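A.B. asks: Add 994 to the 1-based position in the sequence shown for the working numbering, that's all there is to it. I have a structure I would like to understand better, so I am pasting it below and will then ask my questions one at a time.
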Amino acid sequence: MRVGLGLALAVLLVSCGHKKNARLIAPPPPPTANRSGTLPVPAAPSAGTQTPIIPPAEIHLGMTESGLASWYGHPYHGRAAADGEIYDMEQMVAAHRTLPFNTWVRVFDLDTSKTVDLRIIDRGPFVDGRVIDISHAAAQSIDMIGPGTANVRIEVIRLPEVIEPALFAVQVGAFRDRQNAERVRSEMESRYGRARLVLRTGNPNVWRVLVGSERDEHQAGDLAARIRKESREKSSAFVVRIDSV
């Protein structure tokens, strides 16, 4: 979705025309607080059902994040999102770097006060300074199509029933050319111990270079800070969630 190190693909995200009528899917209602003001604890699962995993402390109802939002449509419309489902740009979905899949967030436009509720199904944005990529339909609903970006606040309004154990890495670049990506991957592996390539299919395809594998997001953040300090050309290194081994 984005290309670092001088090869930005942000233009793909703001030139995704094809205006359609949005097919809106309302999010599930958030849990209601009891008289004490606390949220109810989910009932224990019955025999034979998957036991929910307690989410890490960094992920909780009401957590917020502020930054720049962008939107994406073609050429990613109709292709598999990072969670495996087919991305439909006319659904109320979004991409986030670290939130678990099926997390519901409320996106609040700080300039217009318009809001939209979205489900996280994809990874991104891969441009430094941006915090969420929202669908075409979502961008239409808050009048973001024209500007292409907006200053927003994100609030987690519902957690997924099951959260997979988290692993985090640092993205140091994204490349159209696999040989360039492999060169950076090899350099990062020799300096920091572990690095991998992850293909993001699209038009064009993009090879992302991820460094490290940490179970704690803060540890990954420390690694990102170290890489930025030691490699000036990697000044846009940022933390991402790893969704496959």
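Just so it is clear, CB atoms sit at the ideal spot from N, CA and C, and this is done for glycine as well. Source: prediction; values computed, not measured.
(1) One question on the structure: do A1168 and R1190 come within less than 8 Å of each other, judged by their Cβ atoms?
(2) Could you work out which residue in V1150, Y1066, I1128 is closest to N1197 when comparing CA atoms only?
(3) Would you mind listing the alpha helix (DSSP H) stretches within the segment 1093-1161 that are 4+ residues and don't spill past its ends, in chain order?
(4) If you count every other CB in all the chains shown that lies within 10 Å of the CB of P1094, and 16 or more means buried, which is it?
(5) Please classify D1127 as buried or exposed, where buried requires at least 16 neighbouring CB atoms within 10 angstroms.
(6) Can you round the beta-carbon distance between G1106 and I1136 to whole angstroms, since I take them to be within the 8 Å contact cut?
(7) When DSSP builds the beta bridges, which residues end up paired with L1204?
(8) Can you give the beta carbon distance from G1056 to E1149, rounded, assuming they're within the 8 Å contact cut?
(9) Per DSSP, L1062 is paired with what?
(10) K1223: buried (16+ other C-beta within 10 angstroms of its C-beta) or exposed?
(11) Which value, in whole angstroms, describes the spacing of the CA atoms of S1180 and T1109?
(12) So, helix, strand or coil for L1018, using DSSP?
(13) Please report the straight-line C-alpha distance between R1188 and N1096, rounded to a whole angstrom.
(14) Go through its chain and collect everything with a Cβ distance to N1145's Cβ below 7 Å, but skip five positions before and after it.
(15) Taking buried to mean at least 16 other C-beta atoms within 10 Å of its own C-beta, is R1194 buried or exposed?
(16) Indicate whether D1237 and R1091 have their beta-carbon atoms separated by less than 8 Å.
(17) Could you say which of I1139, D1122, W1098, D1082 lies nearest to E1155 if we only look at CA atoms?
(18) Just the C-alpha distance for S1230 and A1219, rounded to the nearest angstrom, thanks.
C.D. replies: Looking at the coordinates:
(1) No, they are not a contact pair.
(2) Among V1150, Y1066, I1128, the Cα nearest to that of N1197 belongs to Y1066.
(3) DSSP runs (the alpha helix (DSSP H)) wholly in the segment 1093-1161: 1130-1135.
(4) So P1094 ends up on the buried side.
(5) Classification of D1127: buried, given that the 10 Å Cβ count is 16 or more.
(6) Strictly speaking, residue 1106 in this sequence is Thr, with Gly absent from that position. Contact holds; Cβ gap of about 7 Å.
(7) L1204 is bridged to Q1165, R1190.
(8) Confirmed, Cβ separation roughly 7 Å.
(9) Checking the DSSP bridge columns, you'll see L1062 partnered with R1124, N1145.
(10) By the 10 Å Cβ count, K1223 comes out exposed.
(11) Those two C-alpha atoms are separated by around 43 Å.
(12) Since pLDDT at L1018 reaches only 43, below the 50 mark, its modelled position is unreliable, and no value is offered.
(13) Using only the alpha carbons, I get a separation of about 29 Å.
(14) Hits under 7 Å: L1062, L1104, D1105.
(15) Buried, since its Cβ has 16 or more Cβ neighbours within 10 Å.
(16) In this structure, R1091 does not lie closer than 8 Å to D1237 by Cβ.
(17) Checking every option, the nearest Cα to that of E1155 belongs to W1098.
(18) S1230 and A1219 have their alpha carbons spaced roughly 10 Å apart.
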